[in-house]
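Numbering (full-length UniProt numbering), first residue to last: 1 to 502.
A short worksheet on the structure shown next.
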């Protein structure tokens, strides 16, 4: 028996060493490939790689605004009277990003949204700004260079978003508890690889803590078999307010954006090219045409609805997936630290995060039909609660009655005909140009909205022959509310106006 136990320990150590060595070789190969690719990119781009050419434009755009924003009535009046270079359909994160990018390039820009801005998927996220630890794991162990580059892109965008909207975003420590000794080097390598890919944009370095310190940070954690925990950092944000800040920034720069305006049909010229949309104000019933040289479809899970307006015979490209989150009392996530369950009973991940003095837990990932108001199902709520129970102390009773609210959001995953389960799909995006010149941006993640918008406007310029005044200036472009903001601003408000600290 002693010999058998010793052999098992030796085999386990060898397995861990093999995993670390193999992962190290894979990471080195990815690093070399990526550095070679980036070197070629720098050489081809020259000074534009650092966006030096647009630094003066960015400095001017980042000046503190001094005028009031236009009213909805003023924006609607402009939408009825003007012709535009670009018309965007959809007021979520992606559509808002396209509007801001287009307008700051000097292109006249309009945007219409069926409901409230950010009323759909963009306000029903996990509230994280992240590169995707799960995607990096898949990239390394499946030798998937596409997912690796997607993670690296997302980590750059994470850094940029924290910089341009410090009033709505911040770094958040997330704990990954470890219950088997051999998993410590396995997870340690994965988290350190996440730091490594972040490069100089890493928020804070990850670190390992022992069992006592893990329980000090998260007292309700299950104690049995706990070996320790890893702490890493990602960004957290108020997704709905962030979306609105992007829209307001686009309006501040001159874009005309209106909510509660429904696209009834697309307009086409004599050559059959899309050149606008017939729209209806949902509040007044007034209908009119908006003309534009280029029309962008940024409607998320409703992508195919707009695509079929341009071509009724076109094949669907989106596979909607529903993700459910629940809100629990704040005492479930003490110490302002999140928790990550890296491997749920069905192979997904569950986040358990502090949010607005409450706790958000999720998410699920199941195929769904497209609907305006997706509702969380009891089975999804119970799945999340069961996963939480498996990580908390047996002394803690997580009850159905503890759920204070729940929401469901549709993810606009890009279709892959070779795969049927949505959890294996990366949240990458595609840009499609239809035969009638409708530009569709589909898929993607909240974190990478800006890069998606940049590529979309590039496609608009190329496809529709637009003439921008300058290139993309959105990296480093402050969002509405970020000017002169500081973490201590609340003290000044309390002192100057005598308001409560809450």
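Glycine residues also receive a C-beta, built at the ideal position from the N, C-alpha and C atoms.
As the structure is a prediction and not an experimental result, all values here were calculated from the model.
- Secondary structure at residue 210: strand, using DSSP grouped into helix, strand and coil.
- Rounded to the nearest whole angstrom, the CA to CA distance from residue 378 to residue 491 is 43 Å.
- Considered as a whole, the segment 77 to 162 harbours 93 to 104, 133 to 141 as its complete alpha helix (DSSP H) runs of no fewer than 4 residues, in chain order.
- Contact annotation, residue 362 with residue 324: C-beta distance approximately 6 Å; criterion of less than 8 Å satisfied.
- Cβ contact annotation for residue 253 (same chain, cutoff 8 Å, sequence separation greater than five): 61, 100, 103, 104, in chain order.
- The C-beta distance from residue 456 to residue 98 rounds to 5 Å, short enough to meet the 8 Å contact threshold.
- The continuous alpha helix (DSSP H) containing residue 248 extends over residues 239 to 252.
- Taking C-beta separations shorter than 8 Å and ignoring five residues to either side along the sequence, the partners of residue 400 in its chain run 381, 382, 385, following chain order.
- Counting along the chain, the unbroken alpha helix (DSSP H) around residue 186 starts and ends at 183 to 198.
- With respect to residue 111, residue 131 sits apart: the two C-beta atoms are not nearer than 8 Å.
- Proximity of the segment 78 to 89 to the segment 452 to 467 meets the contact definition, three or more beta-carbon pairs being nearer than 8 Å.
- Between residue 466 and residue 165 a beta carbon distance of about 28 Å is seen, past the 8 Å cut, so the two are scored as non-contacting.
- When DSSP reads this structure, residue 409 sits in a beta bridge with 323.
- With a cutoff of 8 Å on beta-carbon distance, residue 243 and residue 117 are scored as near each other.
- Taking each of 407, 397, 445, 188 in turn and checking the Cα distance to residue 360, the smallest one comes out for 407.
- Within the same chain, and ignoring the five residues on either side of residue 226 in sequence, the residues whose Cβ sits closer than 8 Å to its Cβ are 177, 178, 179, 211, 214, 215.
- Contact between residue 267 and residue 256 is ruled out by a C-beta separation of about 17 Å, above the 8 Å threshold.
- Distance from residue 338 to residue 172 at the Cβ level is roughly 6 Å; contact confirmed, criterion being Cβ atoms closer than 8 Å.
- For residue 336, the three-state secondary structure derived from DSSP is helix.
- When secondary structure is reduced to three states using DSSP, residue 386 falls in the helix class.
- Distance from the CA atom of residue 395 to the CA atom of residue 128, rounded to whole angstroms, is 29 Å.
- Residue 474 places its beta carbon 8 Å or farther from that of residue 158.
- DSSP, reduced to helix, strand and coil, places residue 430 within a strand of the structure shown.
- Distances from the alpha-carbon of residue 366 to those of 167, 68, 321 put 321 closest.
- Spanning the alpha carbons of residue 72 and residue 258 requires a straight line of approximately 7 Å.
- In this structure, DSSP gives residue 463 a helical state, which the three-state scheme calls helix.
- Take residue 309, set aside five residues on each side of it, and the residues of its chain with a beta-carbon closer than 7 Å to its own are 265, 266, in chain order.
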